[in-house]
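Input: a single structure, listed below in structure tokens.
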Amino acid sequence: MPVPSPATQLQPPCARADTERRLRALGFGYRAKFVSQSAQAVLRQFGAEGLHQLRRTPYPEARRLLCTLPGVGAKVADCVCLMALDKAEAVPVDTHVWQIARRDYGLALGPGPRNFFRRLWGPYAGWAQAVSSSQAIRKRPRGKKCCTSPGL
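When the sequence shown is numbered by the UniProt record's numbering, its final residue is 152 and no position is left out of the sequence of numbers.
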């Protein structure tokens, strides 16, 4: 078995040619391409410090920069901001959050509940929304209605 060169050994895993294949084998599916490309872009744009420097960047700018990465949209950018970059004001919005905003707060479809939740819960809106959403999402067997929630 050949011994890898020092340059190969020092290479970050995301820079290796087989990263996407390895991620697919781990079950990332179609996301493997985006994860691999985004990791390479982070390495190019931010160097060894990676995304850590975005912790010092204001939330709107950090979110904007994340949205420039391959496969990263508003929800993923907000998830990264909230869970990895200490941006507690980031409110990731998905279909469940929309449902909660409409059902519990009467929010109409429009620009989105992000600002609504920030006004409602203040500087920790992202974490408050995460707890609220996790409590509201019920797991149930496929094809069966939830016995505690009429109409579900």
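Beta carbons: idealized from backbone N, C-alpha and C, even for Gly.
Residue i - containing alpha helix (DSSP H), residue span
{"i": "Asp18", "result": "Per DSSP, Asp18 belongs to no alpha helix (DSSP H) and is neither H nor E."}
{"i": "Pro92", "result": "Careful: Pro92 lies outside any alpha helix (DSSP H) and carries neither H nor E."}
{"i": "Gln37", "result": "31 to 46"}
{"i": "Pro60", "result": "59 to 66"}
Residue i classed as buried or exposed, judged by whether at least 16 other C-beta atoms fall within 10 angstroms
{"i": "Asp78", "result": "buried"}
{"i": "Ala25", "result": "exposed"}
{"i": "Cys81", "result": "buried"}
{"i": "Gly134", "result": "Sequence check: residue 134 is Ser here, not Gly. Under this definition Ser134 is an exposed residue."}
{"i": "Gly44", "result": "What sits at residue 44 in the sequence shown is Arg, not Gly. Arg44 is exposed by the Cβ-count criterion."}
{"i": "Gly47", "result": "exposed"}
{"i": "Thr68", "result": "exposed"}
Nonlocal neighbours in the same chain, by C-beta distance under 6 Å from residue i, ignoring five residues either side
{"i": "Gly50", "result": "Val42"}
{"i": "Ala17", "result": "none"}
{"i": "Ala128", "result": "Trp121"}
{"i": "Gln37", "result": "Pro70"}
CB-CB length for residue i against residue j, believed under 8 Å
{"i": "Ala90", "j": "Arg63", "result": "7 Å"}
Residue i in three-state terms, based on DSSP
{"i": "Lys75", "result": "helix"}
{"i": "Cys81", "result": "helix"}
{"i": "Asp104", "result": "helix"}
{"i": "Phe116", "result": "helix"}
{"i": "Leu26", "result": "coil"}
{"i": "Pro70", "result": "coil"}
Any chain D beta carbon closer than 8 Å to residue i
{"i": "Leu120", "result": "Although the question refers to chain D, the structure presented lacks it and comprises just one protein chain."}
Sequence-distant residues of its chain with Cβ nearer than 8 Å to residue i (five each side left out)
{"i": "Arg118", "result": "Glu89, Val91, Ala125"}
Residues near residue i by beta carbon distance below 7 Å, same chain, minus five either side
{"i": "Phe28", "result": "Val35"}
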